[in-house]
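Chemist: Residue numbering for the sequence shown follows this note's numbering, beginning at 9 and increasing consecutively.
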Amino acid sequence: GGGGKGMRVVWSEEELERAYNTAKAEAAAAFKNDGIYMEKFVEEPRHIE
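(1) Determine the burial state of A31: buried for a count of at least 16 other Cβ atoms within 10 Å of its Cβ, exposed for fewer.
(2) Buried or exposed, going by whether 16 or more other CB atoms sit within 10 Å of the CB of G11?
(3) Give me the residue from E34, F49, E21 with the minimum Cα distance to D42.
(4) Alpha carbons only, please: which of M46, E25, R54, H55 is nearest the one belonging to M15?
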């Protein structure tokens with residue numbers, strides 16, 4: 009794994025494009041591959057069984 013390299017938390021729609029482009033550029037520089045994926049950020053996760 010990348011150890012969180014390129015991870016961004018985006019709090020508003022206005023931030024999304026800049027954060028997306030920054031993460032892609034960082035991935036390309038670090039891994040020679042600009043492929044990224046997005047997932048939902050869960051601010052206060054709880055483990056439930």
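Using N, Cα and C, we set each Cβ at its ideal position, and we do this for glycine too. All figures in this text were calculated on a predicted structure; none of them were measured in a lab.
Modeler: Considering the structure as presented:
(1) Locating residue 31 in the sequence shown gives position 23, counting from the first residue. So A31 ends up on the buried side.
(2) Taking the first residue of the sequence shown as position 1, residue 11 is located at position 3. Exposed.
(3) Mapped onto the sequence shown, residue 42 falls at position 34. Considering only alpha carbons, the answer is E34.
(4) Position 7 of the sequence shown, counted from the first residue, corresponds to residue 15. Ranking the options by Cα distance to M15, first place goes to M46.
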